[in-house]
Every structure is written in C-alpha cells, then in structure tokens.
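Q: Would you mind keeping the following structure in view while I ask a few things?
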Amino acid sequence: MTDCLFCKMVAGEIQPDVVYEDSEVLAFRDVNPQAPTHVLVIPKAHISTTNDLDADNAHIVGKLYLAAKQVAMDAGIAEPGYRMVMNCNPGAGQSVYHIHLHVLGGRPMTWPPG
Ligand code: DGP
C-alpha cells in the first residue's frame, strides 16, 4: 500500500530503529514508547486490521509472536515478563492501519489496561 506508513518502512522509504527482521516480519522501536522496551512487530505484507485476517494470511500471526518472543529475549525482558497487544480499530485505539503487535516490557504492567 503506497500510503501506508508501515509499508513505507518495509519498502525502505522510511528507516525505523529495527531490532528484528526476517523474510516476513519487521520489528522496530515505537516512536512514542510507553515502556522502557516498546517494539512494534509487523508483517511485511499489508494487512489493515485483525478483522482482515483469514485462512490465507493467518500464518503470519504465529510469525509475529515468534518474532516478539525473540525481541523480548534479546531485550532481556522475557523472564521478568512482557505484554503483547494488538489494537483493532478506533475503539481500541488503533492509529496505524497495518497490523502491529506491541511488545512492552521493562516495567510492571497493570491489569486491566486502560
Ligand atoms: P496503535 O495505536 O496500536 O495503532 O499503535 C501505533 C503505534 O505506532 C504508536 O504506538 C506509535 C507508533 N508510530 C506511529 N508513527 C510512527 C513512526 O513514524 N515510527 C515509529 N517507529 N513508530 C510510529
């Protein structure tokens, strides 16, 4: 998608602070971190929201979680613990319409989230 911020990162038109990359997944630091570690894990293929997941693209969700686990291990937050969140649509606060898994850690997490 030409007008998608995260697709521009995948295409190399915008250079985020990348912490993990493979053939299907890119992970980079959030520009507005909400925790000492705050990384966004995205599929390289454009998927606007989790409502657009289907049997053909669902495999990428597992890849996102595997990448998130690697990010957490590399950041040293795997053992103390970390939170993974994917917001869907305005009611949940989604602001970028290319699915992304937030990986947050390095501080205590409260529940329920706001
Ligand atoms: P969400 O609200 O769940 O759609 O999260 C979108 C996140 O994207 C938000 O935490 C801030 C982050 N973000 C927005 N623009 C940029 C950017 O240009 N670079 C980076 N690294 N992160 C961005």
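For the sequence shown, the positions run 2 to 115 when this note's numbering is used.
Think of the CB as a built atom: it goes at the ideal place given N, C-alpha and C, for glycine as much as any other residue.
(1) With DSSP as the reference, identify every bridge partner of Pro44, one or two as the case may be.
(2) Would you say Leu6 touches the ligand GTP, meaning its beta carbon is less than 7 Å from a heavy atom?
(3) Are the beta-carbon atoms of Val72 and Val26 separated by less than 8 Å?
(4) Among the residues of its own chain, which have a CB less than 8 Å from the CB of Asp75, if the five just before and after it don't count?
(5) Please report the distance separating the alpha-carbon of Tyr98 from that of Gly107.
A: The structure says:
(1) DSSP lists Val26 as partners of Pro44.
(2) Looking at this structure, you won't find the ligand GTP anywhere; what it does contain is the ligand DGP.
(3) No, the pair does not count as a contact, with Cβ atoms beyond the cut-off.
(4) Answer for Asp75: Val20, Tyr21, listed in chain order.
(5) C-alpha separation (whole angstroms): 26 Å.
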